[in-house]
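Trainee: Residue numbers (the numbering used here), protein chains in the order written: chain A, 515 to 696; chain B, 140 to 296.
We put the CB at the ideal spot given by N, CA and C, even for glycine.
Just dropping this structure here.
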């Protein structure tokens, strides 16, 4: 599957990574200013932006990769890390810490994280700088009938040893229920 | 052992960063003395004057910047045995380095190593500027910047 991700990555249009990094950085910094450094609100906004990206991005992802329906949540996570992150960010996160019921796991982003380059966050424990990724995953998974809680538990920007996103599958939505925007 | 005072001055002549240190060269030979390697040895009366000395060279820097197309302006001023070298960035931020030569040593001053120090300090400054949470003319408080600058100082001065 990684090889397929590589092949697709070679054929997609790319932008300069510094342009990408700095654009994202400017968005976060501007949000911090707009919300007067209320970092909870900034996280919410990033999550909402990510959600809106995710519910659209999934279409792009499916058409590019031709991915088929996954049999289990485990397989879904594998597709996310080996194809999803590969195709859009050219990184391949590791999957760790599966819970015994197979409904939650951690995605560990590899270093260097393309979003984090040059960044030193303000001295706070509240801001999750890459929160947009959580929103994207949540939005994209919702569009394929998976209701998943996504949140950060560790971030190297805060001095943690790794950047870790926790995924928790709540339930599989019924097909006929359309996912509405909130 | 030469003492140095390095300061970064913003576009509105505001202080952005300052750092005092002494030459790390020969610090092994000197380690028998009581001094901590890298600790500056300016006398107290000079020490309080240092920000004034570097700021007083700003006029000269602003004149000198139009006479050359280089960013490194060389030695531009001296003040009672303190020499002042300057560097100006593309964004009109000034780097000023004051150092004393009256400390009894006959050490040769290697202009090219100071130049190299400025160039790498500039690289470091640009990296700092790329941080989305930093804006021009803010004071630089990042400990990482501090550490890296010390490494550069150790390497060249």
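(1) Below 8 Å CB to CB, which residues in the same chain sit around residue 142 (chain B) once its five sequence neighbours on both sides are set aside?
(2) I want to see whether chain A comes within less than 8 Å of residue 286 (chain B), judged by CB atoms only; does it?
(3) Taking DSSP's pairing of strands, which residues face residue 126 (chain B) in a bridge?
(4) Select from the region 552 to 579 of chain A all residues with a C-beta closer than 9 Å to any C-beta belonging to chain B, and list them in chain order.
(5) Between the beta-carbon of residue 614 (chain A) and the beta-carbon of residue 680 (chain A), is there less than 8 Å?
(6) Taking beta-carbon pairs under 9 Å, can you tell me which members of the region 621 to 654 of chain A lie near chain B?
(7) Run down chain A in chain order and give the residues with a C-beta less than 7 Å from the C-beta of residue 266 (chain B).
(8) Rank A:666, A:670, A:674 and A:676 by C-alpha distance to the C-alpha of residue 682 (chain A) and give the top, closest one.
(9) Does the distance from the C-beta atom of residue 641 (chain A) to that of residue 635 (chain A) stay below 8 Å?
(10) By DSSP's criteria, residue 619 (chain A) is part of a beta bridge. Which residues make up the other side?
(11) Say whether chain A places a C-beta atom closer than 8 Å to the C-beta of residue 290 (chain B).
(12) In or out: residue 183 (chain B) buried (at least 16 other Cβ within 10 Å) or exposed?
(13) Which stretch, first to last residue, makes up the alpha helix (DSSP H) that contains residue 608 (chain A)?
(14) Which residues of the region 519 to 551 of chain A have a Cβ closer than 9 Å to any Cβ of chain B? Give them in chain order.
(15) Can a CB atom of chain A be found closer than 8 Å to the CB of residue 281 (chain B)?
(16) Using the C-alpha atoms, what's the distance from residue 265 (chain B) back to residue 535 (chain A)?
(17) Kindly indicate the opening and closing residues of the alpha helix (DSSP H) around residue 597 (chain A).
(18) Beta carbon of residue 519 (chain A), beta carbon of residue 623 (chain A): below 8 Å?
(19) Relative to the alpha-carbon of residue 632 (chain A), which residue among A:670, A:600, A:664 and A:663 has its alpha-carbon at the smallest distance?
(20) Is the distance from the Cβ of residue 221 (chain B) to the Cβ of residue 199 (chain B) below 8 Å?
(21) With contact counted as at least three CB pairs below 8 Å, one residue from each stretch, are the region 649 to 659 of chain A and the region 557 to 573 of chain A in contact?
(22) Does the distance from the C-beta atom of residue 374 (chain B) to that of residue 269 (chain B) stay below 8 Å?
(23) Under the rule that 16 or more other beta-carbon atoms within 10 Å means buried, what is residue 577 (chain A), buried or exposed?
(24) Between the C-alpha atoms of residue 526 (chain A) and residue 592 (chain A), what's the straight-line distance to the nearest angstrom?
(25) Give every residue of the same chain whose Cβ lies closer than 8 Å to the Cβ of residue 549 (chain A), excluding the five residues on either side of it in the sequence, and list them in chain order.
(26) Interface residues of chain A around residue 269 (chain B) at Cβ under 9 Å?
(27) Just list the residues that DSSP pairs residue 213 (chain B) with in beta bridges.
(28) Would you identify the three-state DSSP class for residue 271 (chain B), choosing helix, strand or coil?
(29) Between the alpha carbons of residue 562 (chain A) and residue 272 (chain B), how many angstroms are there, rounded?
(30) Note down the Cα distance separating residue 227 (chain B) from residue 214 (chain B), rounded to an integer number of angstroms.
(31) From the DSSP output, which residues share a beta bridge with residue 665 (chain A)?
(32) Just to confirm the assignment, what range does the beta strand (DSSP E) spanning residue 145 (chain B) have?
Mentor: So, from the data block:
(1) 159, 160, 161, 162, 179, 180, 181, 238, 239 and 242
(2) no
(3) Absent from the model: residue 126 (chain B). The displayed extent of chain B is 140 to 296, so no value can be given.
(4) none
(5) no
(6) 631, 632, 633, 634, 635 and 636
(7) 632
(8) A:666
(9) yes
(10) A:681
(11) no
(12) exposed
(13) No alpha helix (DSSP H) contains residue 608 (chain A), which is instead part of the beta strand (DSSP E) from 608 to 610.
(14) 532, 535, 536, 538, 539, 540, 541, 542, 543, 544 and 546
(15) yes
(16) 15 Å
(17) Run containing residue 597 (chain A): none; DSSP gives neither H nor E here.
(18) no
(19) A:670
(20) no
(21) yes
(22) Outside the shown range of chain B (140 to 296) lies residue 374 (chain B), about which nothing can therefore be said.
(23) exposed
(24) 21 Å
(25) 555, 556 and 559
(26) 532, 535, 536, 539, 631, 632 and 633
(27) B:225
(28) coil
(29) 21 Å
(30) 13 Å
(31) A:680
(32) 142 to 148
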